[in-house]
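Residue numbering for the sequence shown follows this note's numbering, starting at 169 and increasing by one per position.
Backbone N, C-alpha and C fix where the C-beta goes; we use that ideal spot for every residue, glycine too.
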Amino acid sequence: MTNQRNQLFQNQPAVAWSALTSWPSALALACAMGMGSCTQTDTANTPFTVKTLPQSVAATAPLAVNDRYVAYAASELGTGPGGTDFNGDSDTSDDVVFVASFGNDQVTPLGVAIKPGSNDRAMAWVNDTLFLVVSEAADGFNWNGDSDTTDTVLLFWHAGLADPVYYATLGSDRMYAQGTALWYEPAIPPSAVGETNIARAVVASLGASPAAPEAITTSFVDTAMDGLSLQIRGTFGDVVWFTASEVTEGQILNGDGDMTDTAILAIYGTGSGGQIQLVPQAMESPSSPVDAFISGSDRIVVYLVNEAAQGVNLNNPALFTSLWQPPQCSGTPDTDTNDNVMHWLNLTTFTADPVVNAPINTGLTGSGPTYHLADDWIGIVSMESDEGNCDLNGDTDMNDEILRWVALSANPEPINDASKLVALDTSIAGDSGGVIELDGRLWVALVDEAADGRDHDGSGSNHVILGVLDPALPGTNWNYDQGSNTFIQVTWMQADATTTARFLAAIKESSTGIDRNGDGDTTDSVPTFPREGGAPRELDFPGVNVAVELTNPGMLTRSNYGFYRINETSQGTDYNLDGDLGDSILQRVNLSGSEPATSMGIELNNARPAVLVGAGSNPRGVVWMASEAQQGPAGTDLNGDGDAGDVALRYARLP
């Protein structure tokens, strides 16, 4: 791999980031005290000018970012030397919601306390309208007008409102934004056939108040004649999925003769006839993986059925054609009911006739996640011991995790060529599970040579290296050589949420044979944005020659910029000129290579991406957290509240 083939690699001189704007302390304190809307004095529209919001936040504080705004739960206890009562309930123990606008830097206090212990799903933007899960007890206010303050309620707010408005009383904290709707679970249970406990709030236009709650019905006819209670679990595109519990319903939902299953799949989306469709199959748990994607005009849903819960052996070779099981597995059929088995269905045809168009059993086992390439292939990582103790990759053991895949077909015939069935490192940092779906047509996998029993790079030593395969080309095998006899190793990798044409990776310098950041060693990892190169099934690695956090670089792309965390110690550079090398630094790079990589200051090395950004078509800003204690020997009061021990929330406008 050379710089000629990877034009975006940039050397990073040991220069500090420029001085950052800050708010005058008097104004910052006024805003921190919640005294109306506050506007920063520096209102320049210069992109990437770093600004600090005046309230402190917890490192795990709920945040919700869309294209125009960031909503955040400010810490009463952490803001100001003695804490600050933002919502007027005479204590300083709450996390109270504020909204900041990227467009004019206006900060608006909403004066309500988020439910204690909430995660990011306690707040959601739908068409510039913010929905909040609020605890009446924590907030000290009876929002729904009953006789107590013990409820959890759903509120909404938009820029045209002075205060948040009550919308519904909740039966759970689960809510999911999807397009122009918010899905949630009201407190009122279903009571008749066809009813569910699921509702949605539709926001028809930008920054409007939601329409009245819309009750969602189901096609399922329950024997108890009292409707179906569901739990919202997630969304993909316009598909929402749920789980139902036989224990809660008091009836058999999957036809297995018992009433003990707690995760029966249900689906709503384009093709479901405007109702929730129950899929009479049991998953292992409510957190089992589910995926959905578009295939032509249809929605394909992929999920795992648990054999024990369903009461049947779903990967018994007798269920499939003779081509389904690898030849080396002949005579070792799977006979247990201990597996999770990948299934798929077409939501439109399943809804039209769930018997004739029943879900397809692929027979492939795994624990998730599942993967798909466009509308051609679906895959999963299988443990060999789950396949009747079959040596799938031919290395004489049965302890490997193997990527397996099958075409979207009513008659599954998985690839059974042992040369293509390779053992993976599924523990790699990031959320890939060792597999990336590239450009809708290529598998990229992190192959573990020691587990695979094959020396793919010809080095005589065992490495964990990237391989690329096009499953549509049966005459080709995995490609491990990424050009110039280079075999790439990574410490972190993840899909790029904005495109399948590339992915995100922290690659080991040692695997490139070059001290890329010029610090005298090759022990670091550098941020790259891999894509298919000029040669088919060969990767290019455009990136930046700077050392990132090895297993938590927080890489993310948006608006043609890449963002990531630098590790000062690994880089050997005091970027923020505070006399130490102990900080994480946020840096950005223009992905077309038209600008030098630029550092944006200290960044909290937590579980979130390096920046948060809206998912719409025109994001206006990025948001991140910074620890005041990291800036200078005694820390620096970044948010102007009189101390230097906070986690500060920072943002910058995008071009």
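Item, Value
"Heavy atom of the ligand COA within 7 Å of residue 339 beta-carbon", "The ligand COA is not part of this structure, which contains no ligands at all."
"CB contact flag (residue 571, residue 547, <8 Å)", "yes"
"Contact between the region 262–273 and the region 802–814 (3+ Cβ pairs under 8 Å)", "no"
"Expected contact under 8 Å - CB spacing of residue 358 and residue 322 to nearest Å", "Wrong, their Cβ atoms sit about 18 Å apart, outside the cutoff."
"Sequence ranges, beta strand (DSSP E) only - wholly within the region 267–350, length at least 3", "274–281, 291–294, 297–303, 320–325, 333–346"
"Alpha-carbon to alpha-carbon, residue 365 and residue 513", "24 Å"
"Beta-carbon separation (whole angstroms), residue 270 vs residue 298, contact threshold 8 Å", "Wrong, their Cβ atoms sit about 14 Å apart, outside the cutoff."
"Residue burial classification, residue 380 (beta-carbon count within 10 angstroms, cutoff 16)", "exposed"
"Extent of the continuous beta strand (DSSP E) run through residue 498", "Residue 498 -> no beta strand (DSSP E), and no H or E assigned at all."
"Spatially closest choice to residue 256 from 296, 677, 307, 821, by CA coordinates", "307"
"Residue-chain proximity (residue 514, chain C), Cβ-Cβ < 8 Å", "Here chain C cannot be found, since the structure has a single protein chain."
"Candidates 461, 439, 634, of which the one nearest residue 590 by Cα", "634"
"Whole-angstrom distance between residue 373 and residue 330, CA atom to CA atom", "19 Å"
"Collapsed DSSP secondary structure at residue 480 in the structure displayed", "coil"
"Extent of the continuous beta strand (DSSP E) to which residue 739 belongs", "Counting along the chain, residue 739 falls outside any beta strand (DSSP E), though it belongs to the alpha helix (DSSP H) covering 736–739."
"Whole-angstrom C-beta distance between residue 352 and residue 367, which should lie under 8 Å", "6 Å"
"Own chain partners of residue 593 with C-beta closer than 7 Å, once the 5 adjacent residues on each side are dropped", "602, 614, 616, 632"
"Burial state of residue 215 (16 or more Cβ within 10 Å)", "exposed"
"Length of the line joining the Cα atoms of residue 694 and residue 658", "9 Å"
"Sufficient close CB pairs (3 or more, under 8 Å) joining the region 459–473 to the region 431–446", "yes"
"Buried or exposed (CB count within 10 angstroms, at least 16 for buried), residue 303", "buried"
"Length at least 3, wholly inside the region 418–460: the beta strand (DSSP E) runs in chain order", "432–436, 445–450"
"Alpha-carbon spacing of residue 728 relative to residue 439, whole angstroms", "34 Å"
"Counterpart residues of residue 647 in DSSP-defined beta bridges", "636"
"Cβ-Cβ distance between residue 810 and residue 249 below 8 Å", "yes"
"Limits of the unbroken beta strand (DSSP E) element including residue 674", "671–676"
"Alpha helix (DSSP H) runs contained entirely in the region 491–578, provided each spans 4 or more residues", "515–520"
"Limits of the alpha helix (DSSP H) - the one that residue 466 falls within", "Note, residue 466: premise wrong, no alpha helix (DSSP H); beta strand (DSSP E) at 466–474."
"Proximity below 8 Å, CB of residue 489 to CB of residue 581", "yes"
"Strand pairing of residue 661, partner residues [DSSP]", "673"
"Range of the contiguous beta strand (DSSP E) that encloses residue 232", "231–233"
"Residue span of the alpha helix (DSSP H) that contains residue 825, given as start and end", "As displayed, the chain neither begins before 169 nor continues past 823, which places residue 825 out of reach and without an answer."
"Pair within 8 Å by beta-carbon distance, residue 680 and residue 654", "yes"
"Boundaries of the beta strand (DSSP E) in which residue 605 is found, first to last residue", "603–606"
"Reduced DSSP secondary structure (H/G/I, E/B, other) of residue 416", "helix"
"Residue burial classification, residue 599 (beta-carbon count within 10 angstroms, cutoff 16)", "exposed"
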